[in-house]
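Each residue of the sequence shown is one higher than the last, beginning at 5 in our numbering.
Below is one structure, written out as structure tokens, with a few remarks after it.
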Amino acid sequence: MRAALALVLALAAPPPGAAWEPGRAYVYLEGAPGAVLEDRVSLTNPGTEALTVEVKALPAPAPWIAFAADEVTIPARTRAEIPFTVTVPANTPPGEQTATITVSAGGRTEPIRVHLRVSGPKVAALTVEDVSFSGGLVHYTVVNRGNTPLSPRVSLRADGLFGAPVARRAHEVRPLPPAQRVALTERWDPPALDRVELRLDVTAAGGVHADATVTKTFLPWPALLLTLLLPVPWWVRVRRRSERAGG
């Protein structure tokens, strides 16, 4: 994509007290994620001596903006053009982005604001993954599968064979940028004896919802082992009596 835009700067060797100003103080571009937008800065030196001009993108480094040359020397009474590209990262959410191009010459620096509108539909989506339970903690991962930042809210529900279901009030976790994930935990005290389904519900603005479950069986192993071992002494005594009676 090429925008028909030329930024003309009259960069003369000015007399004392005179000043040069950018011919245009703003750049407006629009493109979809993954697009490479092309433009140029046109510089004119109407003076009688060559002039060295330096261009930069801020904040430095600004990986979106790349110049064909960062510094050019413009002969007297000559116009020069410095092409540049704006590369929109593939994972950039739709909306407004800004940067600044600075043009420096003759001991002065002038800014040119770059306004980029990233086009495309906004997609909001979440998933809950890697759910497990150990040590009194429910472990899980929330993933932002869309292209817009989200502030997820998480609730936990425990539904067992014995007793009424237990639900935790939803609480908000940290904001999650697009294509990012966060590993989280929820503390939960398990019962001594039950088979429980733990369900995590994650919601966000705009009707976004995701859920995941994990099922765990809880048994009082010490008590069960004791119950199993109690008949052993009795069985040994009975066997010994039977052996003596048979002998």
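Cβ coordinates follow ideal geometry from the N, Cα and C atoms, glycine included.
All figures in this text were calculated on a predicted structure; none of them were measured in a lab.
DSSP-derived helix/strand/coil call for residue i
i, result
"residue 151", "coil"
"residue 242", "With a pLDDT of 47 at residue 242, under the threshold of 50, the predicted position of this residue should be treated as unreliable, though the coordinate-derived value follows. Looking at residue 242 - three-state DSSP - the assignment turns out to be helix."
"residue 12", "Unreliable positioning characterises residue 12 in this predicted model, as indicated by a pLDDT of 47, which lies under 50. A coordinate reading is not provided."
"residue 126", "coil"
"residue 43", "strand"
"residue 92", "coil"
"residue 53", "coil"
"residue 194", "coil"
"residue 160", "strand"
"residue 115", "strand"
"residue 80", "coil"
"residue 62", "strand"
"residue 222", "strand"
"residue 165", "coil"
"residue 173", "coil"
"residue 184", "coil"
Status (buried if at least 16 other CB within 10 Å, exposed otherwise) for residue i
i, result
"residue 62", "exposed"
"residue 51", "buried"
"residue 95", "exposed"
"residue 166", "exposed"
"residue 152", "buried"
"residue 41", "buried"
"residue 156", "buried"
"residue 55", "buried"
"residue 130", "buried"
"residue 223", "exposed"
"residue 139", "exposed"
"residue 35", "buried"
"residue 150", "buried"
Residues bridged to residue i [DSSP beta-bridge criterion]
i, result
"residue 101", "120"
"residue 215", "205"
"residue 71", "88"
"residue 107", "59, 114"
"residue 142", "137, 190"
Boundaries of the beta strand (DSSP E) in which residue i is found, first to last residue
i, result
"residue 178", "Note, residue 178: premise wrong, no beta strand (DSSP E); not H, not E."
"residue 33", "30 to 35"
beta-carbon residue i near the ligand SAH non-hydrogen atom, thresh 7 angstroms
i, result
"residue 38", "The model depicted lacks the ligand SAH and carries no ligand whatsoever."
Residue-level contact to chain D via CB, residue i, 8 angstroms cutoff
i, result
"residue 108", "Within the model displayed, chain D is absent; a lone protein chain is all it includes."
Sufficient close CB pairs (3 or more, under 8 angstroms) joining the region 104 to 115 to the region 183 to 191: no
The region 41 to 50 touching the region 84 to 101, judged by at least three CB pairs closer than 8 angstroms: Between the region 41 to 50 and the region 84 to 101, the count of C-beta pairs closer than 8 angstroms reaches three or more; the two stretches touch.
The region 153 to 162 in contact with the region 202 to 218 per 3-pair CB rule at 8 angstroms: Yes, the region 153 to 162 is in contact with the region 202 to 218.
The region 134 to 144 in contact with the region 175 to 183 per 3-pair CB rule at 8 angstroms: no
Touch test, the region 121 to 138 against the region 208 to 216, Cβ-Cβ under 8 angstroms, three pairs minimum: yes
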